[in-house]
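Count along the sequence shown starting at 1, add 8, and that's the number in our numbering.
Don't be surprised by glycine CBs; every beta carbon is placed ideally from N, CA and C.
In this text the structure is predicted, and so the values were computed from the model without any measurement.
The structure under discussion appears below in the form of structure tokens.
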Amino acid sequence: MHCPFCRHGDSRVVDSRTSDDGSTIRRRRQCPECLRRFTTIETASLSVVKRSGVTEPFSREKIVNGVRKACQGRPVSEDDLAVLAQRVEETLRTTGSAELDAHEVGLTILGPLRELDEVAYLRFASVYQAFDSLEDFESAITSLRARREADADAVEPAAALAAEGARTGAMEPDPDQDVLSGHPS
Ligand SMILES: [Zn+2]
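Structural data, given as structure tokens:
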């Protein structure tokens, strides 16, 4: 890349350092023309195109914030949320695209959230997929039950989920809420 001081078209890397989590690399560069030094930070590009058309960098924090509300009162820790956001990021990165639709990001959250907590999943899905009737909840619960029956390790009685699901139905999801940012769009 060119030198930010004299715009010389080339620069030499004098030092490279990877961040502790391995997600970014800092390079110390020197311009062969004016000999001044500058730093570049390299990171694998991943951005999200919101419904409004605005593009912003993918952020695990936004995923956590979007999901936290659905997890209120549920046995889900901050660590669980961090792991979920990491899984979402990994899944999105494996698509190979540098730019993703916010809707795709939301859909990617659903799978790991369902594994984490079914009630939180129902809450999130009800807002995200704009459930507007009891039938929507019913069909979501039916598919959760089918999944659970297919899972030999299921331990919780399905009745508990139905009771929680009914309570979830009393929530009033705001259809204008942007689940990824937590701000009205
Ligand atoms: Zn220069």
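Using only the heavy atoms of ligand 1, determine whether one of them is closer than 6 Å to the beta carbon of PHE13.
-> On the sequence shown, position 5 is the one that residue 13 refers to. The answer is yes for PHE13.
Report the residue ranges of all alpha helix (DSSP H) runs contained in full by the stretch 71 to 112; include only those spanning at least 4 residues, in chain order.
-> Runs found: 86 to 102.
Please classify CYS11: is it buried, with 16 or more other beta-carbons within 10 angstroms of its beta-carbon, or exposed?
-> The count along the sequence shown starts at 1 and reaches residue 11 at position 3. Counting every other CB atom within 10 Å of its CB across the protein chains shown gives CYS11 a total of 16 or more, marking it as buried.
Taking Cβ positions only, does ALA78 come closer than 7 Å to chain D?
-> No chain D is present in this structure, which holds just one protein chain.
When burial is assigned at 16 or more other CB atoms within 10 Å of the CB, is ASP88 buried or exposed?
-> Against the sequence shown, residue 88 aligns to sequence position 80. So ASP88 ends up on the buried side.
Tell me whether THR150 is buried or exposed, calling it buried when 16 or more other Cβ atoms sit within 10 Å of its Cβ.
-> Within the sequence shown, the letter at position 142 stands for residue 150. That one is exposed.
Would you give the residue range spanned by the beta strand (DSSP E) that ARG36 belongs to?
-> Position 28 of the sequence shown, counted from the start, is the residue given in the question as residue 36. ARG36 -> beta strand (DSSP E) spans 32 to 38.
With distances taken Cα to Cα, identify the nearest neighbour of ARG156 among GLU143, VAL96, SER141 and ASP125.
-> What you label residue 156 is simply residue 148 of the sequence shown in a count that begins at 1. The residue with the shortest Cα to Cα distance from ARG156 is ASP125.
Which class does PRO65 belong to by DSSP, given the choice of helix, strand or coil?
-> For the purposes of this step, residue 65 is identified with residue 57 of the sequence shown, where counting begins at 1. When DSSP states are grouped into helix, strand and coil, PRO65 belongs to the strand group.
Answer with buried or exposed for THR63, where buried requires no fewer than 16 other C-beta atoms within 10 angstroms of its C-beta.
-> Numbered from its first residue, the sequence shown carries residue 63 at position 55. Note on THR63: under 16 other CB atoms within 10 angstroms of its CB, so exposed under the neighbour-count rule.
Reducing DSSP to helix, strand and coil, say where ASP23 ends up.
-> The count along the sequence shown starts at 1 and reaches residue 23 at position 15. DSSP, read as helix, strand or coil, puts ASP23 in strand.
Given 8 Å, three or more beta-carbon pairs between the stretch 75 to 88 and the stretch 102 to 109 | Result no; under three Cβ-Cβ pairs closer than 8 Å.
Residues that DSSP places opposite GLU1 in a beta bridge | Past the boundaries of the shown model lies residue 1; the chain is included only from 9 to 193, so the question cannot be answered.
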